[in-house]
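In our numbering, the protein residues as written are 317 to 465. Backbone N, C-alpha and C fix where the C-beta goes; we use that ideal spot for every residue, glycine too. Working notes for the structure below.
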Amino acid sequence: MNIREQLSELNKMSKRSVALYHKFANSIGISDSSLGVLYALAEGAPCSQYDLCNKWAIPKQTVNTALASLQNKGFITLSTISGTRKKKSISLTAAGKEFAAKTINVLLDTELAALASLTPEERELYISLNKKYNEHLTEQLQNIIMGTS
Numbered sequence: 317m318n319i320r321e322q323l324s325e326l327n328k329m330s331k332r333s334v335a336l337y338h339k340f341a342n343s344i345g346i347s348d349s350s351l352g353v354l355y356a357l358a359e360g361a362p363c364s365q366y367d368l369c370n371k372w373a374i375p376k377q378t379v380n381t382a383l384a385s386l387q388n389k390g391f392i393t394l395s396t397i398s399g400t401r402k403k404k405s406i407s408l409t410a411a412g413k414e415f416a417a418k419t420i421n422v423l424l425d426t427e428l429a430a431l432a433s434l435t436p437e438e439r440e441l442y443i444s445l446n447k448k449y450n451e452h453l454t455e456q457l458q459n460i461i462m463g464t465s
């Protein structure tokens, strides 16, 4: 396989993963963006919108839309962080914790099982190579975006 075919294969695998998460989100009755936010909250609730945007690379508008939807479902609460004017802490409600336990925790367990199917060495290599690829891609795209290429 040449490098263009390898890139095509990587892109197809990435799209398949996105499609799987989309199907999962639909199966539990939420949007992809709400799934991303709940996933992040389940990993370390409570947090702020700023944290979600920066740590999880989710655009601010996407987070806002997901938060509104999750708040309407009664899964989260927003409270102003003391000492700030706009910054809000996002916390799961009891209903949100229950929903996350039945859905997000199942997803996490499934992901862990898939990752556990690899040897420890394969997992380290997979992470290392993905990190290296993403760093190079980010650097090169930033150069294009900034017009320095």
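Identity of the residues DSSP links to Cys-363 by a beta bridge: Ile-406
Sub-8 Å separation of Ala-358 and Gly-390 beta-carbons: no
Alpha-carbon to alpha-carbon, Lys-328 and Arg-320: Pairing Arg-320 with Lys-328, the inter-Cα distance amounts to about 12 Å.
Residue nearest to Leu-394 in terms of C-alpha spacing, selected from Tyr-366, Leu-383, Thr-400: Leu-383
Between the CA atoms of Asn-318 and Glu-414 - distance to the nearest angstrom: The straight-line gap from Cα to Cα measures roughly 48 Å.
Entirely enclosed beta strand (DSSP E) segments - the region 381–460, minimum 3 residues: As far as the region 381–460 is concerned, its whole beta strand (DSSP E) runs of at least 3 residues are 392–396, 404–408.
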